[in-house]
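Report on one structure; see the data block that follows.
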């Protein structure tokens, strides 16, 4: 991925892959929205950035779909924050999407010759 | 945090989100933005740049709302359920209520004060309402009862002054009036009734058969009397007597009972709701008038049913014309003819006649508790305003976040609704507890009072009052604090001076409270003075340590047949009474003052020539140590001697005013008089004693009734028989002697009932029951009002002081002394209170006129009461302002300036 195609990539890839990224990030443990955004950004080496305007609608969509569960958590001396964790259905969906993504990436690399051939 | 939410909120405005969910999203995204903002600052961005960047990110091509729009939660369905109707104002009311409950739980002191205030007011209103509901709203309960009329009479300028009940011949004459559909007569008598082992003195209604058709009532079982039934032959039982004596056995029909020594057949039983003309009516005895009736026996009550379409204005002239023909149809004395000549019928609606007397006191009470409710609402409104002021900023933020004015009003009212609901429930409990006490304290003459109870109507009323209370106490502060400018609300309140514009509402509430409390205080003050005046009245007899009762032995069985045998019985019985331990003296009187009064009778003297008007006087029989026992002073001559033998020389004792009426300016002793208008002429009686006047009916009488006392036995054995007089017993044990006397009666006349058992003190209290009851309730209401008012003043000033701590600090730093500061606060409070007092005095001048009929020797605008109560209110108000004032003067300038 290069910076040249960022605009297109962000829109297209996010549309298809954003869900997968979010699900993967909360797979290990529950995280709050800001953390999720930060992790996507840092894990992608700064390539991928989610602004609030797209991150939260995505979280709420996954929540409505029953893959994520948001829960307010209060810690002493801190403001309460909403933590998102993977539900059972979320785990299953994540596994499915990983498979799909793998085959997709595999197919893409075969066609485009990009990646480790 | 708030700043960010201000940014976020508008992006969600186009969506239809559940408010709770929306708030969560705003919170979550704001947190995100804040964290990002701090991160940007840490990365070296300027505040402005960071803010700009975030605003941009958020606005990014409307992404937030566009992306949220497809979500289900962006189209929140309208909540379902009674708590959330469709109207905008009521959206989310349920949520507001829950929030209100939570908020109130956090300030239990405030909540308790408000709930208690409302509970007192709502409880008082509910209790009085249930009485008014029972007594006034549907007092009769007969079909088309608005067409029922009571027909009475006046004859101005005749021997019968004032209003009086007509006589039997009026019934016969009026019966065919065109404006009347039906007419009936009734007469309450007290007599002895016997059935099986039951013997009791009961109230018997002697009624025409037409009574039941006139009132349009049907029996529960059996039948009603008809015109074919002989007079005095058949009776209809009241429901309560049927239950008490016959255990509700339907087999009672056809049985005979003994009433006034006559056998009567039971033909029917009425339902429990039929209690005409009074609660006490035990049975209805059929009565039929002979066409050859002796006219002039006044005292028969008439009740008629207007013909359809007819009204009272039509009926009165018709009856007047019919009455004028009475002497020509029935004959009668010259005195009778004179009465008829001046006679005018008095027609009132039956309802007015039966409950008219208690209507006014009851409506006064209702108004009174209404005032208490207004004060309570003002208090709670005041508390809520103070609360709302402390939340100005919150409210401003909510408005800024897009909450509509309606939503803000709604959430403010939610607290009032929660408070009023709790107050309503507590008030209901209060009413339930206090109603029986109130009913017990109420005068006996209130009809249908026994029917008062916390029924569905009272429940509805209580709920209604609670809703009104919620609106009254919640709407004002809610509107007041929903309309201010957002910027104004968000601005810091570090001003030094008070915000005058916001105080006027609370000031107005304090003025209202003060004036309302003053009105009630003046009212109860006037009644209190009336009671004191009445207590100070000398009725001409004593009331202390006097026990009185009546008994009705079976005289036939005891061989008592005439005057002398009755007298012997009474003397024996009085001797036995006098022998009881602790009894100082014993006497008897045929009709007791304050209970039965005395009958009217025309008397002739040797001065009254033929054809002259014989004066109408009161008459009774007295014997034993009646005058000594009652403390009625002997002004001349002697008391009656103990005598059971007929004698041509029997004397009479006259009261002072009777002597002045009969022989003005002369010495009555030795003068002669005799009852006039009796069938067999009575011989002359010589006046052997003159006694002090006594008040026969109540203590309000301004002029005493002239009264003639006759002894137990007349000139012949058949002159008169005194059968069931009232015995009076003077004893320091008057309150507790009843059981011993009951024992004595059982020994003397086993089957005789003991009834009309009183102490004279008790009778005196009964005559003042109307007044005492109104005074009691008004005093309770006034006390409530005063306490609530004082709390209101205290609250307002306390709050004012807390708002002005800084100003006070500056003043004190500039050299103002503690006393100056105190004076300033007290003056501020005093000014508001004085306006309230002025308004209260004006209102009281109008309102106390309603009390006029209850007042005694106290003018409705009694200056002393007005001034005294005003001073009292001002004093209480100053006391209430002193505490906040003292707190203000103890302000430490340094601390007060620093804390802001």
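Residue numbers (our numbering), protein chains in the order written: chain P, -17 to 99; chain A, 11 to 910.
We put the beta carbon where it would ideally sit given N, CA and C, even for glycine.
Note that the structure is a prediction, hence the values are computed from the model and not measured.
For residue 137 of chain A, the CB contacts under 7 Å within the same chain, skipping 5 residues up- and downstream, are 441, 444, 445 and 448 in chain order. Per the coordinates, the alpha-carbon of residue 53 of chain P lies some 38 Å from the alpha-carbon of residue 434 of chain A. When the alpha-carbon of residue 666 of chain A is set against those of A/527, A/264 and A/704, the nearest one is in A/704. The CB of residue 42 of chain A comes closer than 7 Å to the CB of 15, 16 and 34 in chain P, given here in chain order. Counted as a single uninterrupted DSSP element, the alpha helix (DSSP H) harbouring residue 42 of chain P occupies residues 34 to 47.
Among the residues of chain A, those whose CB is under 7 Å from the CB of residue 43 of chain P are 81, following chain order. In the three-state reduction of the DSSP assignment, residue 666 of chain A falls in the helix class. Judged by pairs of C-beta atoms under 8 Å, the segment 566 to 583 of chain A touches the segment 723 to 736 of chain A, as three or more such pairs exist. As the crow flies, the alpha-carbon of residue 197 of chain A is around 8 Å from that of residue 309 of chain A. By the rule that beta-carbons nearer than 8 Å mark a contact, residue 46 of chain P touches chain A.
The beta carbon of residue 13 of chain A sits no closer than 8 Å to any beta carbon of chain P. Residue 383 of chain A and residue 530 of chain A have their C-alpha atoms roughly 12 Å apart.
Counting only the Cα atoms, residue 563 of chain A lies some 42 Å from residue 153 of chain A. Contact of residue 39 of chain A with chain P is assigned, a C-beta pair being separated by under 8 Å.
Contact annotation: in the segment 60 to 89 of chain P, residues whose CB is within less than 9 Å of a CB in chain A are 61, 62, 63 and 64. Contact with chain P is absent for residue 57 of chain A, since none of that chain's Cβ atoms lies less than 8 Å from the residue's Cβ. Boundaries of the alpha helix (DSSP H) around residue 135 of chain A: 118 to 142. The beta-carbon of residue 67 of chain A is placed less than 8 Å from the nearest beta-carbon of chain P. Around the beta carbon of residue 273 of chain A, fewer than 16 other beta carbons lie within 10 angstroms, which makes this residue exposed.
At a cut-off of 8 Å between beta-carbon atoms, residue 58 of chain P makes no contact with chain A. Beta-bridge annotation (DSSP): residue 296 of chain A is paired with A/217. The C-beta distance from residue 326 of chain A to residue 278 of chain A rounds to 34 Å, too long to meet the 8 Å contact threshold. The CB of residue 393 of chain A never comes closer than 7 Å to any CB in chain P; the least such distance is about 31 Å.
The shortest CA-to-CA distance from residue 467 of chain A to any of A/831, A/135 and A/52 is the one to A/135. Below 8 Å, enough C-beta pairs join the segment 365 to 376 of chain A and the segment 848 to 867 of chain A to call them touching: three or more.
Nearest to residue 182 of chain A by alpha-carbon distance, out of A/392, A/218 and A/211, is A/218. With respect to chain P, the C-beta atom of residue 77 of chain A has a partner C-beta closer than 8 Å. Within the same chain, 0, 1, 4 and 32 come within 8 Å of residue 40 of chain P by CB-CB distance, once the 5 residues on both sides are set aside. For residue 26 of chain A, there are no C-beta contacts with chain P under 7 Å, since the nearest C-beta of that chain is about 15 Å from it. The beta carbon of residue 813 of chain A does not come within 8 Å of any beta carbon belonging to chain P, so the residue lies off that interface.
Counting only runs that start and end inside the segment 820 to 860 of chain A, there is no beta strand (DSSP E) element of at least 3 residues. Contact check for residue 825 of chain A against residue 524 of chain A fails: the beta carbons are separated by 8 Å or more.
Inter-residue distance for residue 874 of chain A and residue 847 of chain A is about 15 Å (C-alpha atoms, whole angstroms). Counting the other CB atoms within 10 Å of its CB gives residue 86 of chain P a total below 16, which places it among the exposed residues. Taking a beta-carbon distance threshold of 8 Å, residue 74 of chain A counts as an interface residue toward chain P. DSSP places residue 54 of chain P within a strand segment (E or B) once states are collapsed to three.
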